[in-house]
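Numbering (full-length UniProt numbering), first residue to last: 1 to 372.
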């Protein structure tokens, strides 16, 4: 209590005094974490507030009320809000190793361990030197489990000479079964991709094939050298006709409707070293889809942003066009041809672009394998 003295002076009190109840104010979030407070009766001395738990928190205890005390502080309720994670997710192609994780209601910070099944590894780890099978999921503060999973190992691409002659049950991934189909059914053969990423056997070319491939037509400013012949298995080597355009030197596979001049910077075409005459008596890759594009300049990653190299095909100039991928954090433009966006930061993996969430279309790598 606070005492106040009044003095009578010439028949009047020297001040007017009234007593007001202590006001505790709205309860702070730290008083009950993850709570939503309701104080319809006010926040002064003796008044009560109630609370509910903000999802995904759940109420633990019986009393959800707190009272404003005479010292201006709120009482502590007997209940509180607790965040828990639901049952651990069922990760496809993985096995749960932590026995305690089979129950429901897991505290924040709880950890459950898994192991990917045979032929599967943690997503993203197959690109590393030592792929990993074991992983853990932690219950996060938001009441959700961490997200990850397992992906299948894949086997090497089958030789191009068999293009169009086989079918596979699941691409080139683990446990897929690929069947080579010959005109003589007795020569058909099956191979399977094992958990180690190796084929159980190699295809043997059908023995009763007759004929050869026609000479590859010199389309799209590309000419071919076929010293090995044009029978099945024969290889031809493409060369760009430089006399037609000095800048276009690299033969690559482009998707239908795309030319060297309409090629977008984010497309990643495959450079063609050779084409082969397949058992279908067709060239692979198809010469119709092979075009010449501008080759990369030899000075990527030299600290200067080069317009020629600022594209996916040239690894975005080795990071020279984005401040975040430069040690100096300063882009230096090379040449005077940066009048549009050729010298802007285009690399989708650079920090500047990760937050933009661009909906980039995928580039073309040419025809796929298997039966046509």
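Backbone N, C-alpha and C fix where the C-beta goes; we use that ideal spot for every residue, glycine too.
Predicted, not measured: the structure shown is a model, and the values here were computed from it.
> When you compare only the Cα positions, how much space is there between residue 108 and residue 74?
Replying inline: CA-to-CA, the gap between residue 108 and residue 74 works out to about 27 Å.
> Does the distance from the CB of residue 344 to the CB of residue 164 come in under 7 Å?
Replying inline: It is not a contact, given that the beta carbons lie outside the stated cut-off.
>> Whole angstroms are fine: how far does the CA of residue 84 sit from the CA of residue 25?
In response: Roughly 30 Å separates the two Cα atoms.
> According to DSSP, which residues form a beta bridge with residue 275?
Replying inline: BP columns for residue 275 point to 236.
> In terms of residues, what are the limits of the beta strand (DSSP E) holding residue 67?
Replying inline: Run containing residue 67: 65-67, per the beta strand (DSSP E) assignment.
> Is the segment 261-278 touching the segment 179-190, taking contact as three or more C-beta pairs under 8 Å?
Replying inline: Two segments are said to touch when three or more pairs of C-beta atoms, one from each, lie closer than 8 Å; by this definition the segment 261-278 does not touch the segment 179-190.
>> Closest to residue 201 by C-alpha separation, out of 245, 156, 69, would be which residue?
In response: Cα-wise, what sits closest to residue 201 is 156.
> Excluding the five sequence neighbours on either side, which residues of its own chain have a C-beta within less than 6 Å of the C-beta of residue 48, listed in chain order?
Replying inline: Correct list, in chain order: 65, 67.
> Count the other CB atoms within 10 Å of the CB of residue 17; is the residue buried (16 or more) or exposed (fewer)?
Replying inline: Exposed is the call here.
>> In the DSSP output, what is residue 231 paired with across the bridge?
In response: According to DSSP, residue 231 bridges with 212.
>> Extract the residue ranges of the beta strand (DSSP E) inside the UniProt domain "Sushi" (22-83), only unbroken runs of 3 or more that lie entirely within it.
In response: Counting only runs of 3 or more residues that sit fully inside the UniProt domain "Sushi" (22-83), the beta strand (DSSP E) segments are 35-38, 48-53, 58-60, 65-67, 80-82, in chain order.
> Looking at residue 252 and residue 289, is the spacing between their C-beta atoms short of 7 Å?
Replying inline: Contact: no.
>> From the DSSP secondary-structure annotation, give me the bridge partner or partners of residue 155.
In response: Partner(s): none; residue 155 has no beta bridge.
> Span of the alpha helix (DSSP H) holding residue 294?
Replying inline: Element bounds for residue 294: not the alpha helix (DSSP H) but the beta strand (DSSP E), 290-294.
>> Buried or exposed for residue 95, going by 16 or more other Cβ atoms inside 10 Å?
In response: Exposed: under 16 other Cβ atoms inside 10 Å.
> What residue does the beta strand (DSSP E) around residue 190 start on, and which one ends it?
Replying inline: Taken as a continuous stretch (DSSP letters only), the beta strand (DSSP E) holding residue 190 covers 189-192.
> Opposite residue 8 in the DSSP bridges: which residues?
Replying inline: DSSP, once it has assigned bridges, lists 13 as partnering residue 8.
> Is residue 193 closer than 7 Å to residue 166 when the C-beta atoms are compared?
Replying inline: At the C-beta level, residue 166 and residue 193 stay beyond 7 Å of one another.
> Looking at C-alpha atoms only, which residue of 270, 281, 305, 123 is the closest neighbour of residue 293?
Replying inline: Among 270, 281, 305, 123, the Cα nearest to that of residue 293 belongs to 270.
>> With three or more C-beta pairs closer than 8 Å as the rule, is the segment 88-104 touching the segment 39-59?
In response: With a cut-off of 8 Å on Cβ pairs, the segment 39-59 is not in contact with the segment 88-104, counting fewer than three such pairs.
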